[in-house]
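If you read the sequence shown in full-length UniProt numbering, its first letter stands for residue 1, the second for the next number, and so on. Single-structure report; data block below.
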Amino acid sequence: MERSQSRQPMNFDEQFWTDLGMKYEAAFGHDTGLHNVIQTYLGKLPTSALIFDCGSGTGKPVAKAIAESGRHVHGIDMSPGMVSLSRKAVPSGVFEVANMLDYAPTIRYDGAVASLSIFELSRQEITMMAHKWFQWLKSGGLLLINTFGAEDCPQVKGENYDADGECASKIEWKFMSETVLITLFTKAGWKVLLDKAGFEIVHTEEDLFTPPAASNCDPEPRYYIIAKKL
């Protein structure tokens, strides 16, 4: 992500996330809707499952919920500070500093989760990640995505869409007191993208999450997707 063009661009790198640290957890670590969909997702996986957390953040709530269910979690994050917090929150997990765009695991996973971790990517990069997730999962593996549907965001208002109407870019969004630019697919766009990558969507949910006022974030119209590798 980066700031709106009317302001000095934000360097949305590992240092930004490291500095954010526990402030982010306070704002997003107690999301009931996400907790519920994680349980739905875990219920579709074997109790011995190894799950990849793509952008693990502080480890809460995703990695922690996976570990508490008795399953195994392996997470990556570009921020050393976030990885340190994940290791403290989930001692049984394995976490490492890595950029998802460059990462190449040597094993296959039963599941993968991308929770609020791809907004700053371009459409081309998100498309690339969908194909990476396919490669990283075992046959029949399950992918959980926590995102927003572009059409549910009032900031879009029919603007900034690509010619095919499946994705909107450079959407202004208030995040932790900063105005940033994000990329969002429509719900139909996600289906097209995942179909082309080799997935079948098996479950979706929608929920409005309102972060605490102190976080100075816009309300988030969540769109949860569970997709199966074919």
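Cβ atoms here follow ideal geometry from the backbone N, Cα and C, with glycine treated the same way.
| Item | Value |
| --- | --- |
| Please tell me whether residue 98 and residue 72 are closer than 8 Å, where the distance is taken between their beta carbons. | no |
| Which runs of the alpha helix (DSSP H) at least 4 residues long sit entirely within the region 152 to 210? Give them in chain order. | 187 to 197 |
| What is the residue span of the alpha helix (DSSP H) that residue 103 lies within? | From DSSP, residue 103 is part of no alpha helix (DSSP H); its letter is neither H nor E. |
| Grouping DSSP H, G and I as helix and E and B as strand, with all else coil, what is residue 10? | With a pLDDT of 45 at residue 10, under the threshold of 50, the modelled position of that residue is not reliable, and no figure is offered here. |
| Whose CA, out of 210, 109, 151 and 55, lies closest to the CA of residue 33? | 210 |
| Taking all protein chains shown into account, decide if residue 92 is buried (16 or more other Cβ within 10 angstroms of its Cβ) or exposed. | exposed |
| Three or more C-beta pairs closer than 8 Å, one from the region 222 to 230 and one from the region 153 to 162: is that the case here? | no |
| How is residue 52 classed by DSSP in three states: helix, strand or coil? | strand |
| Does residue 2 come out as helix, strand or coil in the three-state DSSP assignment? | With a pLDDT of 35 at residue 2, under the threshold of 50, the predicted position of this residue should be treated as unreliable, and no value is reported. |
| Ignore the nearest five residues each way along the sequence and tell me which others in residue 37's own chain have a CB closer than 7 Å to its CB. | 205 and 224 |
| Grouping DSSP H, G and I as helix and E and B as strand, with all else coil, what is residue 148? | strand |
| Please identify the residue among 35, 101 and 114 whose C-alpha is closest to the C-alpha of residue 53. | 114 |
| Mind checking whether residue 84 and residue 56 have CB atoms under 8 Å apart? | no |
| Indicate whether residue 47 and residue 75 have their beta-carbon atoms separated by less than 8 Å. | no |
| Near residue 166, which residues of its chain fall below 7 Å by C-beta distance, leaving aside the five closest residues on each side in sequence? | 185, 186, 188, 189 and 192 |
| To the nearest angstrom, report how far apart residue 79 and residue 170 are at their CA atoms. | 23 Å |
| Find out if the Cβ-Cβ distance for the pair residue 218, residue 173 is shorter than 8 Å. | yes |
| Just to confirm the assignment, what range does the beta strand (DSSP E) spanning residue 228 have? | 220 to 229 |
| Could you tell me the distance, in whole angstroms, from the CA atom of residue 5 to the CA atom of residue 43? | Note that residue 5 scores 41 on pLDDT, short of 50, meaning its location in the model is unreliable; the coordinates nonetheless yield the value given after this. Distance between the alpha carbons of residue 5 and residue 43 is about 43 Å. |
| What is the rounded straight-line gap between the Cα of residue 142 and the Cα of residue 198? | 12 Å |
| Using a threshold of 8 Å, state whether the C-beta atoms of residue 116 and residue 146 are closer than that. | yes |
| Cβ of residue 221 within 8 Å of Cβ of residue 175? | no |
| For the alpha helix (DSSP H) that contains residue 35, what are its first and last residues? | 32 to 42 |
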